[in-house]
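Participant:
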Amino acid sequence: MYLKQRVVENRLIGHPSQGIYKLVLSGQISKTAQPGQFLHIQVSATQDPLLRRPLSIAGINRVKEEVTIYYKVVGRGTDLLTRFKENDYISVLGPLGTGFTIPQKGELLLIAGGIGVFPLYSLIQAVDREQVKIHLFWGGENIDFLESADLKYILNTGVNLKISTMDGSLGHQGLVTDLLQAGIRDSGFADLNHNHLLAAAACGPKGMLKAAAEICLKNNIPLEVSLEERMACGIGACLGCVCTVKGEDGNLKRKRVCKEGPVLKAEEVVWDAKS
Ligand SMILES: Cc1cc2nc3c(=O)[nH]c(=O)nc-3n(C[C@H](O)[C@H](O)[C@H](O)COP(=O)(O)OP(=O)(O)OC[C@H]3O[C@@H](n4cnc5c(N)ncnc54)[C@H](O)[C@@H]3O)c2cc1C
8 MYLKQRVVEN RLIGHPSQGI YKLVLSGQIS KTAQPGQFLH IQVSATQDPL LRRPLSIAGI
68 NRVKEEVTIY YKVVGRGTDL LTRFKENDYI SVLGPLGTGF TIPQKGELLL IAGGIGVFPL
128 YSLIQAVDRE QVKIHLFWGG ENIDFLESAD LKYILNTGVN LKISTMDGSL GHQGLVTDLL
188 QAGIRDSGFA DLNHNHLLAA AACGPKGMLK AAAEICLKNN IPLEVSLEER MACGIGACLG
248 CVCTVKGEDG NLKRKRVCKE GPVLKAEEVV WDAKS
């Protein structure tokens with residue numbers, strides 16, 4: 008559904024070199040939005056660029072009727088988006104796609120690479136924290152990036168946070184999947200897993216998702232992954248964002264990241280497929 012949403016705020020957060028913005032939109036979308044879904048946003052008031060840009064829903068406030076998005080400026084579309092000011096209206100298509108399963112009890116492992124943490128923010132928000140303990144493994148380039156991607160917000164949520172940076176400026180130096188592996192090895196997750204009380208969700212670069220999938224599946228932990236393919240229509244019509252999955256019958260099939268995804272079961276994704 009195409010909707011005009013009012014801009015409540017659209018501002019750079021953190022270090023200017025990181026180019027990360029927080030966008031809060033007021034309107035109807037908040038009523039039905041689910042964690043892991045995304046919005047397809049028209050980034051300028053004209054038809055140029057023609058294609059909308061997909062951005063994940065990072066926060067949902069049904070009382071205030073607001074949704075929050077975090078975006079990193081990487082090209083022309085996201086740069087144009089920065090120009091919207093408070094009280095401007097943005098044309099938004101959404102909420103779109105299939106989001107995360109929200110666990111009702113037990114423990115939830117979240118694995119995030121870089122800006123892949125953004126869709127996980129809305130999952131953290133939706134989980135009943137009395138019933139579900141959350142462990143977030145988050146990896147980024149350096150401390151500037153993590154702070155700019157709202158590390159403070161994550162610290163305030165009180166999740167059990169394990170951090171890695173590539174340059175060692177904060178937390179473990181190296182890959183976030185090293186932390187995941189160590190976390191699973193050193194914790195008492197095996198019993199929880201046996202009782203189906205452990206689940207995992209991940210978002211980030213494909214290489215990280217593939218490694219997380221291997222670790223989780225080896226430990227029999229059900230993992231959902233949020234994929235980021237480039238997409239055009241956003242509503243399942245153009246097939247521009249298809250990925251290859253293995254069906255229950257073992258045959259390869261295509262799924263549309265914008266429709267059946269972006270969240271898929273890790274075990275069905277064929278990681279090394281050409282498209
Ligand atoms: C379902 C989904 C949810 C997303 N959620 C977020 C989010 O919450 N926050 C956020 O900052 N970004 C998110 N992205 C990525 C975002 O859509 C792109 O960064 C954006 O469309 C780039 O537009 P642009 O015109 O600025 O850059 P372009 O000029 O189109 O591209 C600039 C560079 O970014 C790369 N790029 C563009 N789109 C993608 C993509 N989908 N995946 C990987 N690389 C890409 C291009 O290859 C190029 O190198 C999401 C993408 C998808 C598919």
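Just so you know, we're using our numbering here: the sequence shown kicks off at 8 and counts up by one. We put the beta carbon where it would ideally sit given N, CA and C, even for glycine. Since the model is a prediction, treat every value here as computed from it, not as a measurement.
Just the Cα atoms here: how many angstroms apart are GLY106 and LEU46?
Facilitator: Here residue 106 refers to the residue found at position 99 when the sequence shown is read from its first residue. Here residue 46 refers to the residue found at position 39 when the sequence shown is read from its first residue. Between GLY106 and LEU46, the C-alpha separation is close to 12 Å.
Participant: Is there contact between the stretch 156-166 and the stretch 179-186, where contact requires at least three CB pairs shorter than 8 Å?
Facilitator: no
Participant: Are three or more beta carbon pairs between the stretch 244-252 and the stretch 211-231 nearer than 8 Å?
Facilitator: no
Participant: Is it buried or exposed, ASN227, if we count other Cβ atoms within 10 angstroms and call 16 or more buried?
Facilitator: Walking along the sequence shown from the start, residue 227 turns up at place 220. Its Cβ having fewer than 16 others within 10 Å, ASN227 is exposed.
Participant: Around the Cβ of SER24, are there at least 16 other Cβ atoms within 10 angstroms (buried) or fewer (exposed)?
Facilitator: Reading the sequence shown from its first residue, position 17 is the one you call residue 24. By the neighbour-count rule (16 or more Cβ atoms within 10 Å), SER24 is not buried but exposed.
Participant: Pairs of beta-carbons, one from the stretch 106-118 and one from the stretch 256-264, closer than 8 Å: are there three or more?
Facilitator: no
Participant: Check the DSSP bridge columns for LEU46 and list the partner residues they point to.
Facilitator: Within the sequence shown, numbered from 1, the residue matching residue 46 stands at position 39. DSSP lists LEU62 as partners of LEU46.
Participant: Using only the alpha-carbon positions, how far apart do ASN167 and GLY190 sit?
Facilitator: The sequence position of residue 167 within the sequence shown is 160, counting from 1. The sequence position of residue 190 within the sequence shown is 183, counting from 1. Using only the alpha carbons, I get a separation of about 11 Å.
Participant: Between which two residues does the beta strand (DSSP E) holding ILE118 run?
Facilitator: Locating residue 118 in the sequence shown gives position 111, where the first residue counts as 1. That run of the beta strand (DSSP E) goes 113-120.
Participant: Jot down the residue ranges of each uninterrupted alpha helix (DSSP H) in the stretch 196-237, minimum 4 residues, whole runs only, in chain order.
Facilitator: 196-201, 213-225
Participant: Could you check the C-alpha separation between GLN41 and LEU103 for me, to the nearest Å?
Facilitator: Counted from its first residue, the sequence shown places residue 41 at position 34. Counted from its first residue, the sequence shown places residue 103 at position 96. If I take the Cα positions, the gap works out to 9 Å.
Participant: In terms of DSSP beta bridges, what is ILE150 paired with?
Facilitator: Within the sequence shown, the letter at position 143 stands for residue 150. DSSP, once it has assigned bridges, lists no residue as partnering ILE150.
Participant: Less than 6 Å between C-beta atoms, sequence neighbours within five positions excluded: which residues of the same chain meet that for MET173?
Facilitator: Translated into the one-based positions of the sequence shown, residue 173 becomes position 166. Answer for MET173: GLU148, listed in chain order.
Participant: Should GLY241 be labelled buried (16 or more other beta-carbon atoms within 10 Å of its own) or exposed?
Facilitator: Stepping through the sequence shown from its first residue, residue 241 is reached at position 234. So GLY241 ends up on the buried side.
Participant: Would the beta-carbon of MET215 be found less than 8 Å away from any heavy atom of ligand 2?
Facilitator: Questions concerning ligand 2 fall outside what the structure shown contains, since the ligands it does hold are ligand 1.
Participant: According to the Cβ coordinates, are LYS360 and HIS142 closer than 9 Å?
Facilitator: Shown here, the chain extends from 8 to 282; a query on residue 360 therefore has no answer.
Participant: Quick test of your reading: THR184 and ALA218, contact by CB under 8 Å. State the CB separation rounded to the nearest angstrom.
Facilitator: Counted from its first residue, the sequence shown places residue 184 at position 177. Counted from its first residue, the sequence shown places residue 218 at position 211. The Cβ separation is near 4 Å, so the contact holds.
Participant: Measure the Cβ-Cβ separation of ILE97 and VAL31 and say whether it is below 9 Å.
Facilitator: Locating residue 97 in the sequence shown gives position 90, counting from the first residue. Locating residue 31 in the sequence shown gives position 24, counting from the first residue. Against a cut-off of 9 Å, the Cβ pair of VAL31 and ILE97 comes out as no contact.
Participant: Taking its Cβ as the centre, do 16 or more other Cβ atoms sit within 10 Å of LYS225, making it buried, or is it exposed?
Facilitator: Here the question's residue 225 lines up with position 218 in the sequence shown. Per the 10 Å Cβ criterion, exposed.
Participant: Any heavy atom of ligand 1 within a distance shorter than 8 Å of the CB on ALA65?
Facilitator: As a working mapping, residue 65 is identified with position 58 in the sequence shown. Yes, the Cβ of ALA65 comes within 8 Å of a heavy atom of ligand 1.
Participant: May I have the straight-line CA-CA distance separating TRP278 from ASN94, to the nearest angstrom?
Facilitator: One-based indexing of the sequence shown puts residue 278 at position 271. One-based indexing of the sequence shown puts residue 94 at position 87. TRP278 and ASN94: Cα-Cα distance of roughly 42 Å.
Participant: Are there 16 or more other CB atoms within 10 angstroms of the CB of CYS223, so buried, or fewer, so exposed?
Facilitator: Mapped onto the sequence shown, residue 223 falls at position 216. Flag for CYS223 reads buried.
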